[in-house]
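Residue numbers (full-length UniProt numbering): 1 to 255.
Dropping the structure here:
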């Protein structure tokens, strides 16, 4: 599958992947602070953003999508950074295609299984009848019955677009709803990824816990974990300067 992506900057290639319900634009401000040192590829994963929709949606095919992107760009390898679901994608890429990765950054997710915890959001999104609403305000009012936090609703409704004067979902809501359990799947491989890897968590998030240390060290023996202060799961939005400095320190500025 040919993924949609934005390409900016100059220098070694760094591919950045968003999380569930997100898009390439989620990391644009971070990319702007890195573009003098790296060529950034901000990717829409399949069934998200402006990338194609497909019934097949799992980490194996999402990893293969990244290989296709590298091939199209004539890149033998690149640095990769993925947040949340995107972190699981790049971890699977590391296991399946280790030769395509130079250094790996996994943002606020661990290799373990995560139980489904997006059911109310999915119920809310599916409750929005696209043929019955006439404004984004109406969509927000419906979603508010399922998700009380305005900033979360604002993020989710970035997936609502207009086409031919009608509202449409940019995400493949049907497939995501049907296959949401795939997002939480644990890594399950009998080998490790030996290249330099950074796990970057939010100090106020519970996505990376002490119990994850064993799995992280088993699959990524050449790794270390740091936590960004005063940040939760959306650390790139909450502490962008700290995230940029951490990325540069790990990858090596301009190297």
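Heads up, the beta-carbon is just placed ideally off N, CA and C, and yes, glycines get one too. All values derive from a computational prediction rather than experimental measurement.
Short Cβ contact (8 Å threshold) for residue i with residue j
i           : j           : result
residue 51  : residue 126 : no
residue 201 : residue 108 : yes
residue 63  : residue 215 : no
residue 224 : residue 84  : no
residue 235 : residue 226 : no
residue 144 : residue 78  : no
residue 159 : residue 171 : yes
residue 41  : residue 69  : yes
residue 231 : residue 206 : no
residue 72  : residue 46  : no
residue 189 : residue 95  : yes
residue 112 : residue 67  : no
Residue closest to residue i, alpha-carbon to alpha-carbon, out of the options
i           : options            : result
residue 80  : 15, 25, 116        : 15
residue 176 : 105, 19, 8, 13     : 19
residue 2   : 53, 9, 28, 31      : 53
residue 198 : 119, 56, 87        : 87
residue 156 : 6, 9, 7, 25        : 25
residue 251 : 188, 57, 180, 106  : 106
residue 124 : 139, 115, 114, 131 : 139
residue 92  : 238, 239, 182      : 182
residue 239 : 27, 11, 6          : 27
Where the alpha helix (DSSP H) through residue i begins and ends
i           : result
residue 65  : 59-72
residue 256 : Lying outside 1 to 255, the shown extent of the chain, residue 256 is not represented and no answer is given.
residue 21  : Where residue 21 is concerned, there is no enclosing alpha helix (DSSP H), given that its DSSP letter is neither H nor E.
residue 218 : 213-219
residue 125 : 119-127
residue 247 : 240-251
residue 153 : 150-156
residue 137 : 136-144
residue 195 : It is not in any alpha helix (DSSP H) - residue 195 carries neither H nor E in the DSSP assignment.
residue 160 : From DSSP, residue 160 is part of no alpha helix (DSSP H) but of the beta strand (DSSP E) over 160-163.
residue 175 : 173-178
residue 32  : 28-32
Extent of the continuous beta strand (DSSP E) to which residue i belongs
i           : result
residue 81  : 78-83
residue 42  : 39-43
residue 6   : 5-9
residue 228 : 223-228
residue 189 : Residue 189 -> no beta strand (DSSP E), and no H or E assigned at all.
residue 169 : 166-169
Integer Cβ distance of residue i from residue j, believed to fall under 8 Å
i           : j           : result
residue 82  : residue 38  : So it is not a contact: roughly 15 Å between Cβ atoms.
residue 185 : residue 97  : With 8 Å as the limit, residue 185 and residue 97 do not qualify as a contact, their Cβ atoms being about 18 Å apart.
residue 168 : residue 33  : Wrong, their Cβ atoms sit about 32 Å apart, outside the cutoff.
residue 90  : residue 104 : 6 Å
residue 57  : residue 179 : 5 Å
residue 187 : residue 219 : 6 Å
residue 29  : residue 44  : Not really, about 17 Å apart at Cβ, beyond 8 Å.
With a threshold of 8 Å, are at least 3 pairs of Cβ atoms found where one atom belongs to the region 191-206 and the other to the region 159-178? no
Decide yes or no for the touch test of the region 116-133 against the region 206-214: beta carbon pairs closer than 8 Å, at least 3 of them. No, the region 116-133 does not touch the region 206-214.
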